[in-house]
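Residue numbers (the numbering used here), protein chains in the order written: chain A, 1 to 116; chain B, 1001 to 1372. Glycine included, every Cβ here is placed at the ideal spot set by N, Cα and C. In what follows, a structure is listed as structure tokens, so that the remarks can point back to it.
So, in structure tokens, the structure goes:
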């Protein structure tokens, strides 16, 4: 059951971030939890998918810029490296938005906690 | 119910976590172990597909102790077909009005430790029940669900759903399982501890997405829900716009109703609260941007903004193709991608409509309509 916009939006970014955290969490569990074995297969599979997605997004960016000449036509006040800046801007904005939403959720959770 | 009891070798995994299988039985000459599971199948005019569902149950590598079909006022020969296949059929005094109602009617008939809820149009891979049963090890685990793949992939809508499921169950759901919070234990195929179902008085009728309600309630009670990707089920998905619209409308209203109902409790469940909040954002704000801002920008500023509709294609393509390749269905998945893009637009539009009705017009959806 998926509602709204599966795939698009910051949901995708959220899951990519969760995947990036997986190996660190797994390492932490392995080191701190007795009997826990590092789940290599699961982590590797999800990381591979995430890497494939990031690589795919990079390819699409390359394709779009080469076909439509985007970036080259952007008038930039900051000189060299600005094309990269404009390419990264949507990602940075989306990440910022995701972080903001997550902070708001955690804040709401904290405030809604009933005192013991 | 299924034939003579035998004592024979058990499947290796049976009983290792979910409890010892009690006995072996035969169905059509096969010798298989059984587990303390009662399967309940709510059915309303399912004569076209119920035989396939029952036969897939009878072909399981680990057999349930009982199969109960709830014939919820069918006017076709659903009940007769089920009886001819040797399963128990119970009939409520009148149509219960919803799948949850039919399932609740069956709850008092269940004497086993576990209950498998299965839709009448859903067949199972031969080891699906065994995989779920094995996952019910810890007492904290009250529900387990599996991987869902459409049984028929032919029309635009079925193809769209096929891609959606391959993507979501391969990437999203696996991550949710890793963080121990699958968003939902799918209504079409889930195994429950009967004790838990009795504790929460069965499937709730207060929302249009009773499976989501049940899953979120479990988390708030400190219980666990598992997603087992090797347990594969094959439901029949809506084949045309008419039925797809009904199903998506029910899901959208159900999601909104559940968020409203559980909003305080959700905040106390880490990870789940983040997923739900991100979903709320994507389904509402991102949908508005997707359906209005992008076309307006494309017309007024540059047609290049239309690229926004396909720019996230790798997000869909990569997990879909990973799973499709492993199933030998790469070409089928590739050819179905455009259908997914159509389904996604429809899905977001229907969600916005549901949001408007629920929050602005205060018109809560209360009538359950079948999705096929």
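At a beta-carbon threshold of 8 angstroms, none of the residues of chain A lie near residue 1072 (chain B); the nearest stands roughly 22 angstroms away. When Cβ-Cβ separations below 7 angstroms define contact, residue 1315 (chain B) makes contact with chain A. For residue 1147 (chain B), not one C-beta of chain A is nearer than 7 angstroms to its own C-beta. Leaving aside the five residues that flank residue 1078 (chain B) on each side, the residues in its chain whose CB is nearer than 6 angstroms to its CB run, in chain order, 1043, 1046, 1047, 1050, 1071.
Taking a beta-carbon distance threshold of 7 angstroms, residue 1157 (chain B) does not count as an interface residue toward chain A. Contact between residue 1239 (chain B) and residue 1358 (chain B) does not hold, since the beta-carbon distance rounds to 27 angstroms and is not under 8 angstroms. In this structure the region 1077-1096 of chain B does not lie against the region 1206-1216 of chain B, because fewer than three pairs of beta carbons, one per stretch, are closer than 8 angstroms. With contacts defined by Cβ atoms closer than 7 angstroms, residue 14 (chain A) and residue 98 (chain A) form a contacting pair. For residue 1290 (chain B), same chain residues with a beta-carbon under 7 angstroms away, outside a window of 5 residues either side, are 1348 in chain order. In the three-state reduction of the DSSP assignment, residue 1365 (chain B) falls in the coil class. Shortest Cα-Cα distance from residue 1208 (chain B) to any of B:1248, B:1345, B:1237 involves B:1248. Note on geometry: alpha-carbon atoms of residue 1159 (chain B) and residue 54 (chain A) lie some 25 angstroms from one another.
Annotation: residue 1199 (chain B) has no Cβ neighbours in chain A at a cutoff of 8 angstroms; minimum Cβ distance is about 23 angstroms. Against chain B, the beta carbon of residue 112 (chain A) has neighbours under 7 angstroms at 1264, 1267, listed in chain order.
In the structure shown, the three-state DSSP call for residue 1208 (chain B) is coil.
The beta-carbon separation of residue 1067 (chain B) and residue 1109 (chain B), rounded to 11 angstroms, does not stay under the 8 angstroms limit for a contact. Scanning B:1338, B:1304, B:1303, B:1297 for the CA closest to the CA of residue 1313 (chain B) turns up B:1338. Counting only runs of 3 or more residues that sit fully inside the region 1122-1204 of chain B, the beta strand (DSSP E) segments are 1122-1124, 1141-1148, 1189-1193, in chain order. Taking a Cβ-Cβ cut-off of 9 angstroms, the neighbours of residue 1273 (chain B) in chain A comprise 105, 106, 108, 109, given in sequence order. By the criterion of a C-beta distance shorter than 8 angstroms, residue 94 (chain A) is surrounded in its chain by 10, 13, once the five residues flanking it on both sides are discounted. For chain A, the residues of the region 1303-1329 of chain B that bring a beta carbon within less than 7 angstroms of one of its beta carbons are 1304, 1307, 1311, 1312, 1313, 1314, 1315, 1316, 1317, 1318, 1319, 1322, in chain order.
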